[in-house]
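Following: one structure in C-alpha cells, then a few remarks.
Protein chains: 2
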Amino acid sequence: MRGGIDLGGTKIQTAVVGDGGKVVADARRPTPTSGGPEDVAAQMAEAMRESAEGANVETGSLEGVGVGSPGDVDEKTGDVSGARNLPEWEESFPLAETLSKALGAEVRVGNDVQVAVNAEKKLGAGRPYDSFLGVFWGTGVGGGVILDGKEWLGRGAAGEIGHMVIKLGGARCTCGRRGCMEAYAGRGAMEIEARKEHDKGTKTELFKIMRKKGHVRLTSGIWERALDDGDRLAEKLIDRAVKALAAGIASAVNLLDVEAVVIGGGLGVRFGDPYVKKISKHMHKHLFVDDNPPAMHVAELGDFGGAIGASLLFGEN
Amino acid sequence: MRGGIDLGGTKIQTAVVGDGGKVVADARRPTPTSGGPEDVAAQMAEAMRESAEGANVETGSLEGVGVGSPGDVDEKTGDVSGARNLPEWEESFPLAETLSKALGAEVRVGNDVQVAVNAEKKLGAGRPYDSFLGVFWGTGVGGGVILDGKEWLGRGAAGEIGHMVIKLGGARCTCGRRGCMEAYAGRGAMEIEARKEHDKGTKTELFKIMRKKGHVRLTSGIWERALDDGDRLAEKLIDRAVKALAAGIASAVNLLDVEAVVIGGGLGVRFGDPYVKKISKHMHKHLFVDDNPPAMHVAELGDFGGAIGASLLFGEN
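In the order they appear, the protein sequences are chains A and B.
No gaps in the numbering here: position 287 of the first sequence is 286 in numbering that gives the first Met the number 0, and each next residue is one more.
No gaps in the numbering here: position 177 of the second sequence is 176 in numbering that gives the first Met the number 0, and each next residue is one more.
Shown next, in the form of C-alpha cells:
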C-alpha cells in the first residue's frame with residue numbers, strides 16, 4: 000500500500016491506496032490559510048496519519064507517500080517554491096524531507112496537475128484515449144495535455160490552460176495578468192468577485208452559508224448549496240465561469256484537436272455531468288470543426304484523483 | 000526539379016524548386032475573386048507554366064508538382080472542398096486531376112499550412128527546434144504545431160490557432176464565430192473592418208492605394224504602404240491585429256510551452272522582424288512563465304515557404 004496526498008489551495012486530501020488505485024482509507028482537512036509551509040506540512044502529515052489509521056497501517060510501513068503539490072516542484076529533491084495559492088510559500092521549502100521525517104516513510108513530490116492527469120490516464124476517464132486534455136477546475140484552473148499516450152510538458156511548464164487569454168483586456172487574474180480563463184473560472188477569482196459584489200450590496204447567500212458551515216473560504220460545496228438555493232449572484236458567477244471554461248477549452252481543442260476532454264478539480268467533480276454538458280454546449284459555439292467535437296467526461300477518480308495520482312509516484316510499473 | 004504551388008486567398012505563388020529547397024524560378028498571380036474552382040485551377044496552371052518557362056523546363060518534365068491548398072484536402076485523391084476564402088469553392092473539386100491534365104505532370108495536394116510549416120521545419124527557421132508553433136498571418140491566420148520534431152495533427156484538424164478565442168463575445172469572425180483571433184488579425188477580417196470604417200466616413204488612404212495599384216483587395220503591400228504613409232486607420236487596425244496575435248500565441252505557448260514561434264504568411268513575412276518584436280512584446284504580458292519566453296522568428300523561407308513546402312510533397316527523402 001502507498002500513501003497519496005493532494006495538496007490543494009482549499010483542502011488537503013490524503014489516501015491510503017492499494018493496487019489498481021483502490022482507496023483503502025482517506026482523510027481530508029482544510030488547507031491552512033495563514034502561517035507558512037511548516038504549518039501546511041504539519042496538517043498534511045496529520046491528515047496522512049489519519050488515513051493510515053483508517054487503513055490500520057503505520058505510515059512508516061507504507062511503500063512510500065506521494066504528494067501532488069502546486070507551485071514549482073523539484074521532483075528530485077522534493078522541494079517546493081512559489082506556491083501562490085498557499086500561505087507564505089514563495090521561498091523554497093523542503094516538503095519531501097519534512098514529511099519524510101514526520102511520517103517515517105519515503106516521500107516523493109510531483110506537480111499536482113500532472114499527477115492527477117496521470118491518474119485519469121492510467122485509471123480513470125482518460126484510459127480509452129491517446130490524446131486528451133485534463134482540465135482541473137478548482138481554486139485555480141490547471142491543465143494537462145496528453146498526446147500520443149503521454150503527457151506533453153514542453154520545456155517543463157506546459158498545461159497552463161487556466162492562463163490562456165479568453166478576453167483581451169478583461170478581468171484581472173490572481174496571477175496578475177488580464178483576461179486569463181482562470182480570472183473568470185478559478186474559485187479563487189470567483190470568490191474575490193463575489194466579495195466585491197457583496198461589499199457593493201449585491202444580495203447573496205454565499206457568505207451566510209460559508210459562516211454557517213464554519214468555513215473562511217467559498218468551497219465547492221458552498222457554491223453548490225447557493226446554486227441549489229437559487230442564489231442569483233452564485234448563478235451569475237458560475238455561468239460566467241462556465242462560459243470562460245468553454246472558450247478556453249475550445250481554443251485548446253481548435254489548436255490540438257484532441258479526442259477527449261476530462262474535467263476534474265473540486266468544482267468540476269462537485270458539479271459533475273450537468274455542468275460538463277453546459278461547458279460542452281458553450282464550447283461548441285467556438286469549435287472550428289464543430290461536427291467532430293471531442294468526447295467530454297467528468298474525471299472518473301473524482302475527488303481522489305489527485306491523491307491516487309500522487310500515490311502512483313511510487314509506481315506499480 | 001519539382002514544382003510547388005501555394006494557393007492563397009489573395010495570391011497564387013508558384014516556383015520551380017531544386018534540391019535543398021532552392022527556388023530556380025517563380026511566378027505569382029492574384030487569386031481570382033469570382034468564377035469558381037475551374038478558374039482558380041486555370042490561373043494556377045498558367046502561373047506554374049510561367050515558372051517552368053523561367054527555369055527553362057517543360058512542366059511535363061518536372062518530377063511532380065505539389066500544391067498547398069486551403070480548405071479540406073483529400074491527400075489521396077487531390078480533391079479539395081470547403082475552401083472558404085476562394086470563390087464558389089464549397090463542393091469537392093478534383094484539383095490534382097485538373098492540374099495534372101493541364102501540366103502533364105503528377106500533382107499532389109497537401110494542406111497549405113501543413114506544407115508551409117513542414118518547409119520551415121526542414122529548411123527554414125524551425126530547423127533548430129524540436130517544438131515550435133508556426134503562425135501564418137495572411138488572409139486568415141493558420142497555424143502548425145511541431146512537437147517532438149513532427150507535426151501534431153490531432154484527429155486531422157489541429158493547428159487552428161486563428162480560431163482560438165481571444166475575446167469572448169468579441170468581433171464576428173469570417174468563420175461566423177465570435178472573438179476568434181482571426182476576427183482581429185486576419186487580413187480578410189481587417190479589410191472588412193476597414194471598409195466598414197471607410198463607409199462610415201473614417202479617413203484612410205488604404206482604398207486609394209488599392210485603386211492606384213490596380214488591386215481589388217487590400218494586399219499586404221497596400222497595408223505596408225499605408226503604414227509608411229502614417230495612415231491612422233491602417234495603424235489602428237494593424238495594432239489591433241498585433242495584440243490579437245500576441246494574445247493567441249501567448250495562449251498557445253501557455254498551453255504547450257514550445258521552444259519557438261515562427262511567424263510567416265503574407266503579412267508576417269512582409270512586416271518581418273519589427274512586427275515580430277511588437278508581437279513578442281505584447282505576448283510577453285500574457286505569458287504565465289514570463290522569464291522563459293519562446294524564441295521568436297520570421298519564417299525564413301519568406302513568401303516562398305508555401306510553394307517550397309508544396310514541392311516537398313515530392314520528397315527528397
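We put the CB at the ideal spot given by N, CA and C, even for glycine.
These numbers come from a predicted model, not from an experiment.
In whole angstroms, give me the CA-to-CA distance for Glu52 of chain A and Ile221 of chain A. 29 angstroms
Any C-beta of chain A sitting closer than 9 angstroms to the C-beta of Gly187 of chain B? no
Specify the secondary structure class of Thr218 of chain B as computed by DSSP and reduced to three states. coil
If we call anything under 9 angstroms between Cβ atoms a contact, is Ser50 of chain A one with Gly2 of chain A? yes
Output, in sequence order along the chain, the residues in the segment 136-151 of chain B whose CB is closer than 9 angstroms to any CB in chain A. Gly142, Val144, Leu146, Asp147, Trp151
Name, going along the chain, the residues of the segment 150-179 of chain B whose beta-carbon falls closer than 9 angstroms to a beta-carbon of chain A. Contacts with chain A (Cβ-Cβ distance below 9 angstroms) from the segment 150-179 of chain B involve Trp151, Leu152, Gly153, Arg154, Gly155, Ala156, Ala157, Gly158, Glu159, Ile160, Gly161, His162, Met163, Val164, Ile165, Lys166, Leu167, Gly168, Gly169, Cys174, Arg176, Arg177, Gly178, Cys179, listed in chain order.
Can you tell me the Cβ-Cβ gap for Ala124 of chain A and Ala298 of chain A, rounded? I've got them flagged as a contact below 8 angstroms. 6 angstroms
Which bits of chain B does Ala115 of chain A rub up against, with CB to CB less than 8 angstroms? Per Cβ cutoff of 8 angstroms: no residues; Ala115 of chain A is ~17 angstroms from chain B at best.
Excluding the five sequence neighbours on either side, which residues of its own chain have a C-beta within less than 6 angstroms of the C-beta of Arg107 of chain B, listed in chain order? Gly65, Leu312
With a cut-off of 8 angstroms on the beta carbons, I'd call Trp136 of chain B and Leu244 of chain B a contact; round off their distance for me. 6 angstroms
Buried versus exposed, by CB contacts within 10 Å (16 or more), Lys207 of chain B: exposed
Using a Cβ-Cβ distance cut-off of 9 angstroms, determine whether Asp78 of chain B contacts chain A. no
What's the call for Arg176 of chain B, buried or exposed, on a 16-neighbour Cβ count within 10 Å? buried
Would a check of beta-carbon distances place Phe92 of chain A closer than 9 angstroms to chain B? no
Residues bridged to Asp25 of chain B by DSSP? B:Ala14
Just to confirm my understanding: we take Arg224 of chain B, look at its own chain, exclude 5 residues before and 5 after, and list those with CB closer than 7 angstroms. What are they? Ile208, listed in sequence order.
Straight-line CA distance for Glu119 of chain A to Arg126 of chain A? 7 angstroms
Restricting to Cα atoms, I'd like to know which of B:Lys211, B:Ala240, B:Ala188, B:Leu98 is closest to Val79 of chain B. B:Leu98
Under a CB-based cut-off of 9 angstroms, is Ser130 of chain B close to chain A? yes
For my contact list, Ala246 of chain B and Leu255 of chain A are in at a C-beta cut-off of 8 angstroms; report their separation, rounded to the angstrom. Not confirmed; about 18 angstroms, so no contact.
Reduced DSSP secondary structure (H/G/I, E/B, other) of His285 of chain A: Taken through DSSP and simplified to helix, strand or coil, His285 of chain A comes out as coil.
May I ask which residues mark the beginning and end of the alpha helix (DSSP H) holding Leu6 of chain A? Counting along the chain, Leu6 of chain A falls outside any alpha helix (DSSP H), though it belongs to the beta strand (DSSP E) covering 1-6.
Along chain A, in chain order, which residues have C-beta atoms closer than 7 angstroms to that of Ser348 of chain B? The question about residue 348 of chain B has no answer here: the residues shown for chain B are numbered 0 through 316.
Expected contact under 8 angstroms - CB spacing of Gly103 of chain A and Thr58 of chain A to nearest Å: 6 angstroms
Is the CB of Glu258 of chain B under 9 angstroms away from at least one CB in chain A? yes
If you measure between the beta carbons of Val140 of chain B and Gly8 of chain B, is that distance less than 9 angstroms? For Val140 of chain B and Gly8 of chain B, no; Cβs fall outside 9 angstroms.
Please confirm if Arg246 of chain A has its CB atom under 9 angstroms from at least one CB of chain B. It should be pointed out that residue 246 of chain A corresponds to Ala in this sequence rather than to Arg. By this cut-off, Ala246 of chain A is an interface position.
Looking at the strands, I want to know which residues DSSP matches up with Cys179 of chain B. B:Val164
In whole angstroms, what separates the C-alpha of Asn316 of chain B from that of Glu62 of chain B? Here Asn316 of chain B scores only 46 on pLDDT, less than 50, and its place in the model should not be relied on; the value that follows carries that caveat. Between Asn316 of chain B and Glu62 of chain B, the C-alpha separation is close to 14 angstroms.
Restricting to runs no shorter than 3 residues, where is the beta strand (DSSP E) found entirely within the segment 248-295 of chain B? Listed in chain order, they are 259-263.
With a threshold of 6 angstroms on Cβ separation, who are the neighbours of Phe92 of chain A within its own chain once the five nearest residues in sequence on each side are excluded? Pro36, Val79
Under 7 angstroms from the C-beta of His285 of chain B: neighbouring residues of chain A: Val164, Arg176
Nearest-angstrom Cα distance between Met47 of chain B and Arg154 of chain A? 42 angstroms
On the three-state DSSP scale, how would you describe Asn316 of chain B? No answer about Asn316 of chain B holds up, because its pLDDT of 46 lies below 50 and its placement is not dependable.
Interface partners of Leu255 of chain B on chain A, CB under 9 angstroms: Val144, Trp151, Gly153, Ala157, Gly158, Leu254, Leu255
Between A:His283, A:Ile307, A:Ala95, which has its C-alpha nearest Thr76 of chain A's C-alpha? Put simply, of A:His283, A:Ile307, A:Ala95 the residue whose alpha carbon is nearest the alpha carbon of Thr76 of chain A is A:Ala95.
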